[in-house]
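Let me begin by presenting the structure, written as C-alpha cells, before commenting on it.
There are 2 protein chains.
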Amino acid sequence: MADIGVEKASKTTAPRRTQAERRAATENAIIDAFGRLLSREGIGGLGLNALVKEAGVGKKQVYDYFEGLAGVAGAWVRARTVWRSLEDIIGEPWQTFVARGPAEKLRHVALAYAASLRNNPELCALLSGELIGSPEVRAAVEHVRNLVRADFERVLASDPRLSHPDMLSLNLIAYSAATYLGLRAHHQPRYFGFDLSADMSWGMVMGMFDRVLTLADPDRPTS
Amino acid sequence: MADIGVEKASKTTAPRRTQAERRAATENAIIDAFGRLLSREGIGGLGLNALVKEAGVGKKQVYDYFEGLAGVAGAWVRARTVWRSLEDIIGEPWQTFVARGPAEKLRHVALAYAASLRNNPELCALLSGELIGSPEVRAAVEHVRNLVRADFERVLASDPRLSHPDMLSLNLIAYSAATYLGLRAHHQPRYFGFDLSADMSWGMVMGMFDRVLTLADPDRPTS
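Chains as they are written, first to last, in UniProt numbering: chain V, 1 to 223; chain P, 1 to 223.
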C-alpha cells in the first residue's frame, strides 16, 4: 500500500511532457512497431492496418507524422540504422576508396552491399516486398530503395569514369546479382549446391562474385 | 422440357468413363486450378487449402495423385509447358549452340533465361515464392527449380570447359542477375531509371547484361 502511494505521488509530481515529447514518443512507438511486425511476420504481415494495431495508435497519426506506410519504412531505415551509411559498409576510408579504379570501386561496393544485406534479416524481409507485396508495400519498399540509392549515387558521382556505358552496365548487373544473393541467403539459402546461410559457403560464393567482377573489368590485363 | 429430356437421354447413353479417365480428368482439374490460382491471386494466394477449394476436390486426391502441392507445381510446369525446353529457349539448333565457346554458351543461356522469365508471368509469380512464401510454397518452388535445373545441367555437361572455376562463377552470377531482372520486370519494373516492362528499356538492359557477360569472358581479347 505504501509503495502504491509513493508511485502515485511520483506520477503526479513528474513534469508533464511537452507536445513535442509526446509526438516523439508516438513516432518511436510506430517505428518500433514497424520493425517488430517485419521481424515477426515478414513482409506478408506488413500493412497499414497491421501497423496501427501493433503500435496501438490511430491511422490518422501515421498519416500526420509519416504520411503513410512508406514514410514509416523510411524513418525505420534511417532512425534504426537498418541501412548503415555507405562509408560504413565500404569499410575503408573514403580517400582510400576514391583512389581505386572504376571497376574496382563497383566491385568493392557490390560485395559490401551483398554482405550488408545478408547481415540484415529485416531489411531483406522489407526488400522482398518489391517482388511480392501489395501496392502499398511496394511503394514503401520503393521509398526505401530511393533512400539507399542516394548513397550509391554519391559513389557514382565520385568518379567520372563510372559514367562510361561499360561501368553503368557492370553496376546494374552487379547490383542485381548482389540483391538476389543477399535475399536468397535469408529466404531460400540452398543455391547451386551452396548453403548461403553458412558462412563458409557464403564466402565461397562471394569469392566467385569477386572473380566475375574482376574478369568483367574492361581494363584488366589479358591473362 | 423436351430439351431436358434429350439431355437426360444422352447422359444415360454416354459411355461410362473408365477409372483412368476419371483420374486424368481430376488431375487436369487440379493442375488447371493451380494455374488459375497463381494467375489470379499471385504467390500469396497459393496453398493447399486454396488449391483444394479452387479445384473442388479433396486433399486426399491431391496427395494420392501428386503427393502434395510441390507435385502439382511440377506437373503444372511440365504439363502446361510453363517452362519450355532449353532447346526451345535457346532458339538455335543444339549443334550450333555446342560449337560456341564456353563463356559464350553461358551468356547465350543467361540472356535466353531472363527473356523467358520476362515472358512468363505465372512462372515469375511462382518463383517469387522462394523469396517470400510459406514453407509449403517454398518447397513447391524448390521442386520446380530442380526440374528446371536439370535442363541447365545438360548444358554444363555438354562442355568440359564449363567446369572451370571461372565458368562456374560466371554461371552462378549470370543466373542470379537474370533471375532478379526477370522477376523485377513483373513485380517492380522501375529499375535504375529503366522500365523493365517496356520492350525498349528491357532490350537496353539486356544489352548491358550481354556486354558484362562478354567482358567477363576470361578468353576475351584485350581491348
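Cβ atoms here follow ideal geometry from the backbone N, Cα and C, with glycine treated the same way.
Scanning chain V for C-beta atoms nearer than 9 angstroms to the C-beta of P:H187 yields E130, L131, I132, G133, R138, reported in chain order.
V:F194 is bridged by DSSP to V:Y191. Within chain P, the C-beta atoms nearer than 7 angstroms to that of V:I43 come from I132, in chain order. Legend: CB atoms of the stretch 167-200 of chain V lying less than 9 angstroms from CB atoms of chain P belong to residues L168, S169, L170, N171, L172, I173, A174, Y175, S176, A177, A178, T179, Y180, L181, L183, R184, H186, H187, Q188, R190, Y191, F192, F194.
Proximity of P:A216 to chain V, defined by a Cβ-Cβ separation below 8 angstroms, is satisfied.
The DSSP-derived three-state label of V:H164 is coil. Boundaries of the alpha helix (DSSP H) harbouring V:G203: 199-215, taken from the DSSP string. In the displayed model, P:P221 falls within coil according to three-state DSSP, outside both helix and strand.
In this structure the stretch 103-111 of chain P does not touch the stretch 22-30 of chain P; the number of beta carbon pairs closer than 8 angstroms is below three. Listed by position along chain P, the residues whose Cβ is nearer than 7 angstroms to that of V:R211 are D166, S169.
In the DSSP assignment, V:P121 falls within the alpha helix (DSSP H) that extends over 121-127. In the structure shown, V:G71 adopts helical secondary structure according to DSSP, grouped into three states. In the pairwise beta carbon analysis, the stretch 152-165 of chain V is classified as not touching the stretch 204-216 of chain V: fewer than three pairs are separated by under 8 angstroms. The straight-line gap separating the alpha-carbon atoms of P:S197 and V:R118 is approximately 28 angstroms. Within the same chain, I31, F66 come within 7 angstroms of P:A75 by CB-CB distance, once the 5 residues on both sides are set aside.
A distance below 8 angstroms between beta-carbons, with the five flanking residues on each side excluded, links P:A29 to the following residues of its chain, in chain order: A55, G56, V57.
Per DSSP, the continuous alpha helix (DSSP H) segment holding P:D151 begins and ends at 135-157. Within chain P, the residues placing a beta-carbon under 8 angstroms from that of V:V205 are L172, ordered along the chain. Judged by DSSP in its simplified three-state form, P:P15 adopts coil rather than helix or strand. The Cβ neighbour count for V:L86, taken over all protein chains shown within 10 Å, is at least 16; the residue is labelled buried. With a threshold of 16 other beta carbon atoms within 10 Å, P:A79 falls short and is exposed.
V:F192 and P:L172 have their C-alpha atoms some 7 angstroms from each other. Between V:A33 and P:L170, the alpha-carbon positions lie close to 41 angstroms from each other. It is roughly 44 angstroms from the alpha-carbon of P:G91 to the alpha-carbon of P:P15. In the three-state reduction of the DSSP assignment, P:P102 falls in the helix class, which pools H, G and I. Here the alpha carbons of P:G71 and P:H143 stand approximately 8 angstroms from one another. In the DSSP annotation of this structure, the continuous segment of the alpha helix (DSSP H) that includes V:V52 starts and ends at 48-55.
Rounded to whole angstroms, P:R84 and P:L38 show a C-alpha spacing of 18 angstroms. A residue is called buried once 16 or more other Cβ atoms fall within 10 Å of its Cβ, and V:K105 is buried on that count. In the structure shown, V:W94 adopts helical secondary structure according to DSSP, grouped into three states.
Distance between P:E27 and P:T214, taken at the CA atoms: about 45 angstroms.
In the three-state scheme derived from DSSP, where H, G and I count as helix and E and B as strand, V:W76 is classed as helix. Of P:E136, P:A177, P:A185, the smallest CA-CA separation from V:G182 is found for P:A177. Residues V82, W83, L117 of the same chain have their beta carbon placed closer than 7 angstroms to that of V:L123, with the five preceding and five following residues left out of the count.
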